[in-house]
Each structure stands twice: as structure tokens, then as C-alpha cells.
């Protein structure tokens with residue numbers, strides 16, 4: 108009888124194998140974590156499409172985009188998304204009209220005129236203000252800005268797009284200022300020095316040299332701000348009104364896409380009803396709008412980036 | 034003679050021009066300062082007004098009472114406990130997943146289309162409006178996975194919402210660690226994970242923490258996604274306590290409990306016609322602002338401190 112051949116693995120080799128297996132396992136786990144991000148995107152698109160498809164079985168796409176009324180919860184239901192889109196666009200336009208000029212000028216000042224110390228103090232404050240919860244801004248719109256506007260224009264309803272839009276604009280100023288300032292800071296000092304050497308003043312350097320050089324970053328900041336305004340929920344849900352209204356008049360009250368979703372979610376709609384599905388269809392439109400703005404923003408930044 | 038006069042005239046022109054340009058400079062600086070101050074001062078003023086409005090409710094009873102039909106007696110107890118418990122779930126979801134994903138993308142991921150796909154995804158997710166996460170949670174967590182309108186659902190939703198923030202800040206923190214550190218560790222025979230965990234991760238700890246705090250502050254103030262999943266607005270009970278006096282000392286029933294959070298309580302009080310409730314809303318808003326500003330302030334302070342101290 109022969110003794111069975113025993114395969115012996117040296118302890119060092121065994122340790123190596125164990126190590127390799129462990130390393131592989133860890134890499135796998137880390138990769139799975141990274142895949143959660145991909146899974147989230149797919150889940151968002153999947154859920155929105157799935158519920159919207161059931162919605163579009165009842166409502167034709169043509170009606171969805173051409174009907175001028177949005178009353179899914181009424182007896183005589185209409186499903187035209189346009190009133191919600193008009194509300195969304197109007198409030199966003201007001202917000203940008205406030206935030207773009209003020210934010211840009213503030214950024215130019217901060218980047219080109221302010222002293223080092225001022226900048227180092229103001230910049231963290233701007234970053235701090237970007238993080239203020241939006242529900243608080245709804246309170247401002249309803250109880251400060253709207254009464255203020257009413258004292259100028261007494262016929263203004265207490266829920267109106269103007270007040271909500273202005274507050275949204277004030278909310279976005281730090282965002283635009285901070286991002287544009289980053290873009291201007293990235294312009295190399297030598298360009299400013301060149302400009303000063305030619306005898307240009309600070310103002311001329313800022314407007315004719317630095318701003319054009321940073322334009323890709325500034326425009327990207329605007330576009331990301333649009334996307335933020337379009338997706339903003341609480342300010343408009345609190346202060347702009349709940350009634351879908353096909354108008355671009357900022358003095359009227361109108362619901363936005365986000366305000367409608369909040370309004371329906373606050374009520375108690377049965378799962379699977381048309382009202383329940385309608386918020387997913389509205390969400391899909393919202394998602395398409397913000398996604399296209401985000402893609403344009405990233406594209407602008409990439410395409411027009413001057414490299415030094 | 035004539036020539037000299039024209040030079041002198043020219044000189045006067047030039048001087049006038051310089052003067053004009055200097056004036057423009059000062060003018061623009063003034064306008065710029067005004068714009069910057071408009072942004073800052075308006076916001077400060079609004080916060081101040083909020084605190085002044087809510088001041089009558091700044092007492093301990095406000096934190097120890099349940100919401101009530103009577104504005105004077107209504108308090109925040111169920112809301113702040115709800116916020117706290119939701120934040121626990123959010124933290125436990127977003128931090129391990131986000132940090133792991135950041136480590137993978139920065140240290141492990143090969144350069145290929147698949148990694149690009151993940152990266153594009155992360156940057157796009159950061160731009161998705163928060164209410165869309167609410168719709169995702171409503172369709173997926175509440176109905177498909179049947180978690181109901183619970184603390185678990187809310188925590189997971191906010192966890193996904195702040196995931197991009199945690200991933201991006203983890204990556205930025207890791208990127209600032211010089212290659213020489215990694216090479217030194219490899220040089221003494223460390224495995225990849227030993228390098229990543231014992232060196233890269235531990236040195237970038239401060240930066241990662243900054244991102245986590247900013248993310249958690251964002252989650253604390255987020256209202257829209259939680260409304261969308263159908264959180265209740267009038268809760269006069271507390272979820273079962275997570276810690277019990279009997280072994281095993283931990284209790285997970287609270288995960289499936291109904292809840293409300295501070296921003297939703299504020300929204301609820303805001304939408305009531307009775308002005309007395311608006312005082313409660315202001316006090317809640319002031320509390321939310323103070324807590325989020327403190328969190329964000331800590332994070333920003335931490336970041337500046339790290340930036341100053343570390344010189345590789």
C-alpha cells in the first residue's frame with residue numbers, strides 16, 4: 108500500500124492565496140457600491156417610464172402636450188401638461204432675471220475687485236448660503252416678499268409667481284456667484300497682468316479679458332441654475348399657488364410641475380389610479396427638462412473651455 | 034508752436050480719459066459691492082426676521098410637545114425625533130456606499146467605457162431634482178418593495194439623494210493624496226487594499242468627513258422627496274425606541290414606523306390659515322436653519338483647516 112500523495116502548500120503560498128482572494132472580494136464589494144449610482148439612475152428612469160406608460164394608456168400623448176387644461180383629479184378630467192410647464196418656466200425665468208445679473212456682477216466684484224481678505228471671508232459665506240433648506244425660502248416668499256409686493260401693487264393675489272420667482276432668484280444668487288467666481292479665478296494671472304501692462308483698468312480687464320476667458324464656466328453656472336430653478340419644489344409649492352393656470356403673467360397664481368406633485372402626494376390617492384400615475388408623467392417631463400439643461404451645461408463647459 | 038499745443042491738448046484728453054476710466058472703475062466696484070451685499074444682506078435679513086417671528090416659541094416645551102390642534106401647545110417632538118431617526122438610516126446608507134464607490138472610482142476602476150458610464154451617472158445624479166428621488170421612492174420603496182411610508186423608506190431615499198455628494202467629495206479628498214504615499218506603501222509590500230485603507234483612506238479622512246457633513250445637512254433640510262413618499266403630517270406618537278432595556282438591547286421596529294420630519298412639520302404649519310401656526314413654522318424654520326448652518330459651517334471650516342495644514 109502506498110501512502111496517498113499529500114499535496115502540501117507552503118504556508119507562505121497559502122497566505123498569498125488567502126490574500127489574493129480577500130483582495131478580489133474587496134474590489135468586488137467596492138465595485139458593487141459604485142454600481143449603486145448606476146442602479147439609481149436606471150431605477151429612476153425605470154419607475155418614471157413604467158408608471159407613465161400606464162398613464163399614457165389612458166391619455167394620448169397628443170392630448171398630453173396640446174390640451175390647455177390640467178385637471179386630472181376633477182370629474183371632467185383634462186390632461187394637458189402645458190399649464191404646469193408654463194408655471195414652471197415663468198417662475199424659473201423670474202428667478203434667473205433676478206439671479207443672473209446680480210450673481211454675475213457679485214462674482215466679478217469678488218474675483219477682480221475685492222481684496223484677498225474680503226474674498227476669503229465672503230466665499231465661505233456664499234458656500235454656506237447655498238446649503239440653506241428651500242422650505243425656509245417658501246416662508247420668506249409667502250410672508251415677506253409677497254406682502255411687500257402687495258404694498259406696491261395691491262391687486263396681487265397672496266399666492267403669485269412673482270414673489271415665488273424673486274425669492275427663488277435670491278436663493279440662487281449665492282450659487283451663481285460662487286460658481287462664476289470659481290470660473291474667473293481659474294483664469295491665469297498672466298492674462299490679467301498682460302492686460303494691466305497695456306494700461307487697462309481693473310474694470311476693462313474684468314469685462315474684456317477675464318469674463319470672456321471664463322465664459323464657459325459662467326454659462327455652465329447659468330444653465331445649472333436654470334435646472335435648479337426648474338426642479339425647485341418647496342418655494343413654489345408654498346408661495347406660487349396650487350391651481351394649474353396656462354399663463355406667463357407673473358402676477359397670477361399658477362402651479363408648477365413640482366407643486367402639482369407635492370399637492371397630489373399630500374392627498375391620499377390610491378396606488379394605481381390615474382391621479383397617482385399622473386404625477387409620474389409630470390415627473391418624467393420635469394426629469395427631461397432638467398436633464399437636457401444639465402447635459403447642455405456640461406457640454407458648454409467642455410466645449411468652450413479655454414485651456415491655458 | 035502749433036505742434037506743442039496739440040500735444041498739450043492731447044495730454045489733456047488722455048488725462049480726461051484716465052480720469053473717466055478710473056471713475057468707471059470705482060463706479061463698478063460700488064455696483065459690485067452693492068450686488069454682493071444685496072445677496073448677502075437680504076438673506077441675513079430674512080433669517081433675522083424668521084428668528085424674530087419664531088422667538089415666542091423658543092422654549093423647551095416646543096421641543097417636548099407633540100403637534101396639536103391648538104397652535105400655542107403644539108410642539109416639535111415627533112418631528113425632531115423623526116428627523117433624527119431618518120438621518121441615522123441616511124447616514125448608514127450613504128456613507129458606506131458613497132465612500133466605497135469613491136474609493137473604487139479613484140483607486141480601482143480601470144479606464145474604460147464602464148467607468149465612464151459610472152462617472153457620467155454620478156454627475157448626472159447630482160443634478161436630478163430632489164422631488165424625482167421622491168417619485169423613485171414612491172414607486173420603488175413604498176409600493177414595489179413594500180417598505181410603506183416608513184422611516185426606512187425616507188432614510189433610503191435621502192441616502193440615495195446625497196450619495197453623489199459623498200462620492201464626489203470622497204474622490205476629491207483621495208485625489209489630493211500624492212502618488213508617492215502609495216508608492217512607499219507598495220514598496221514595503223502592502224497589498225492594494227492595505228494601501229487604500231491604511232494610507233489613502235485614512236489620510237483623506239478629513240475631506241471625506243466634510244462631504245458627509247454637507248450631505249447630511251442637505252438631507253436634514255430636504256422636504257420635497259419626503260412629502261412625495263407620503264409622510265404623515267400630523268403625528269402624535271413616537272416611533273418605538275431603537276434601544277431597549279432587555280437583551281439584545283436593539284429594536285428595529287422603528288424602521289417601519291410612520292414618522293414626520295422637521296421640514297414637513299414646518300410646511301404643514303405654513304399651509305394653515307391660522308396665523309398662530311405661522312409662528313410655530315417660523316420657529317421650526319429658525320431651528321432648521323441654525324442646525325444646517327452649523328453643520329455646513331463646521332464642514333467648510335474643516336475644509337479650510339485641512340487645506341491650510343496639509344503640505345505634502
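Residue numbers (my numbering), protein chains in the order written: chain A, 108 to 415; chain B, 34 to 345.
Glycine included, each C-beta is placed from N, C-alpha and C at the ideal position.
Going along chain B in order, which residues have a C-beta closer than 7 Å to the C-beta of residue i?
i: residue 288 of chain A; result: Simply none; closest approach about 10 Å.
i: residue 232 of chain A; result: 73
Between the alpha carbons of residue i and residue j, how many angstroms are there, rounded?
i: residue 327 of chain B; j: residue 179 of chain A; result: 43 Å
i: residue 357 of chain A; j: residue 348 of chain A; result: 12 Å
i: residue 125 of chain A; j: residue 115 of chain A; result: 15 Å
i: residue 194 of chain B; j: residue 70 of chain B; result: 32 Å
i: residue 157 of chain A; j: residue 228 of chain B; result: 44 Å
i: residue 231 of chain A; j: residue 250 of chain B; result: 16 Å
i: residue 139 of chain A; j: residue 152 of chain B; result: 14 Å
i: residue 12 of chain B; j: residue 301 of chain B; result: Because chain B here runs from 34 to 345, residue 12 of chain B falls outside it and cannot be looked at.
i: residue 247 of chain B; j: residue 174 of chain A; result: 43 Å
i: residue 372 of chain A; j: residue 127 of chain A; result: 50 Å
i: residue 48 of chain B; j: residue 304 of chain A; result: 18 Å
i: residue 243 of chain B; j: residue 311 of chain A; result: 38 Å
i: residue 253 of chain B; j: residue 174 of chain B; result: 20 Å
i: residue 118 of chain A; j: residue 131 of chain A; result: 20 Å
i: residue 389 of chain A; j: residue 136 of chain A; result: 36 Å
i: residue 121 of chain B; j: residue 341 of chain A; result: 24 Å
i: residue 245 of chain A; j: residue 177 of chain B; result: 32 Å
i: residue 302 of chain A; j: residue 291 of chain A; result: 15 Å
i: residue 336 of chain B; j: residue 162 of chain A; result: 47 Å
i: residue 353 of chain A; j: residue 199 of chain A; result: 15 Å
i: residue 96 of chain B; j: residue 291 of chain B; result: 19 Å
i: residue 23 of chain B; j: residue 155 of chain A; result: Here chain B comprises residues numbered 34 to 345, so residue 23 of chain B is not present and cannot be evaluated.
i: residue 182 of chain B; j: residue 146 of chain A; result: 22 Å
i: residue 203 of chain A; j: residue 330 of chain B; result: 27 Å
Taking 8 Å as the CB-CB limit, is residue i close to chain B?
i: residue 163 of chain A; result: no
i: residue 348 of chain A; result: no
i: residue 259 of chain A; result: no
i: residue 136 of chain A; result: yes
i: residue 299 of chain A; result: no
i: residue 296 of chain A; result: no
i: residue 331 of chain A; result: yes
i: residue 125 of chain A; result: no
i: residue 199 of chain A; result: no
With a threshold of 8 Å between beta-carbons, can residue i be considered close to chain A, or not?
i: residue 45 of chain B; result: no
i: residue 75 of chain B; result: yes
i: residue 236 of chain B; result: no
i: residue 61 of chain B; result: yes
i: residue 222 of chain B; result: no
i: residue 232 of chain B; result: no
i: residue 49 of chain B; result: no
i: residue 119 of chain B; result: no
I want to verify the contact list: residues of chain B whose CB lies under 8 Å from the CB of residue i, in sequence order.
i: residue 249 of chain A; result: 303
i: residue 228 of chain A; result: The premise fails here: residue 228 of chain A is roughly 11 Å from chain B at the closest Cβ pair, so nothing lies under 8 Å.
i: residue 372 of chain A; result: 167, 171, 260, 261, 262, 263
Going along chain A, which residues have a C-beta under 9 Å from residue i?
i: residue 251 of chain B; result: 238, 240
i: residue 176 of chain B; result: 378, 379
i: residue 315 of chain B; result: 246, 250
i: residue 82 of chain B; result: 247, 250, 251
Which residues in chain A sit within 7 Å of residue i, going by Cβ to Cβ distance?
i: residue 299 of chain B; result: 242
i: residue 296 of chain B; result: 240, 242
i: residue 154 of chain B; result: 144, 145, 148
i: residue 326 of chain B; result: 235
Run through chain B and tell me which residues come within less than 9 Å of residue i, C-beta to C-beta.
i: residue 267 of chain A; result: Correct list: empty, because the minimum Cβ distance to chain B is about 16 Å.
i: residue 386 of chain A; result: 168, 171, 261
Whose Cβ in chain A lies nearer than 8 Å to the Cβ of residue i?
i: residue 54 of chain B; result: 308, 310, 311
i: residue 256 of chain B; result: 240, 241, 242, 340, 341
How many whole angstroms separate the CB atoms of residue i and residue j, which I take to be in contact at a CB cut-off of 8 Å?
i: residue 260 of chain B; j: residue 167 of chain B; result: 7 Å
i: residue 109 of chain B; j: residue 295 of chain B; result: 7 Å
i: residue 324 of chain B; j: residue 245 of chain B; result: Between residue 245 of chain B and residue 324 of chain B the Cβ distance is about 15 Å, and since that is not below 8 Å, they are no contact.
From the beta carbon of residue i, is the nearest beta carbon of chain D less than 8 Å away?
i: residue 216 of chain A; result: Among the chains of the structure shown, chain D does not appear; the protein chains present are A and B.
>> Pairs of beta-carbons, one from the segment 177-193 of chain B and one from the segment 222-229 of chain B, closer than 8 Å: are there three or more?
In response: no
> Between the segment 307-321 of chain B and the segment 80-100 of chain B, do at least 3 Cβ pairs fall closer than 8 Å?
Replying inline: yes
> Is the segment 236-244 of chain A in contact with the segment 269-279 of chain A, if contact means three or more CB pairs nearer than 8 Å?
Replying inline: yes
> Are there three or more Cβ pairs, one per stretch, closer than 8 Å when the segment 325-337 of chain A is compared with the segment 154-171 of chain A?
Replying inline: no
> With contact counted as at least three CB pairs below 8 Å, one residue from each stretch, are the segment 334-343 of chain A and the segment 392-402 of chain A in contact?
Replying inline: yes
> Just checking, does the segment 317-328 of chain A make contact with the segment 280-288 of chain A on the three C-beta pairs under 8 Å criterion?
Replying inline: yes
>> Using 8 Å as the cut-off, can you tell me whether the segment 302-318 of chain A makes contact with the segment 137-144 of chain B, which would need three or more C-beta pairs spanning the two stretches below that distance?
In response: no
>> Quick test of the definition: if touching needs 3 or more C-beta pairs under 8 Å, does the segment 126-135 of chain B touch the segment 199-217 of chain B?
In response: yes
> Is the number of C-beta pairs between the segment 358-371 of chain A and the segment 189-201 of chain A that are closer than 8 Å three or more?
Replying inline: yes
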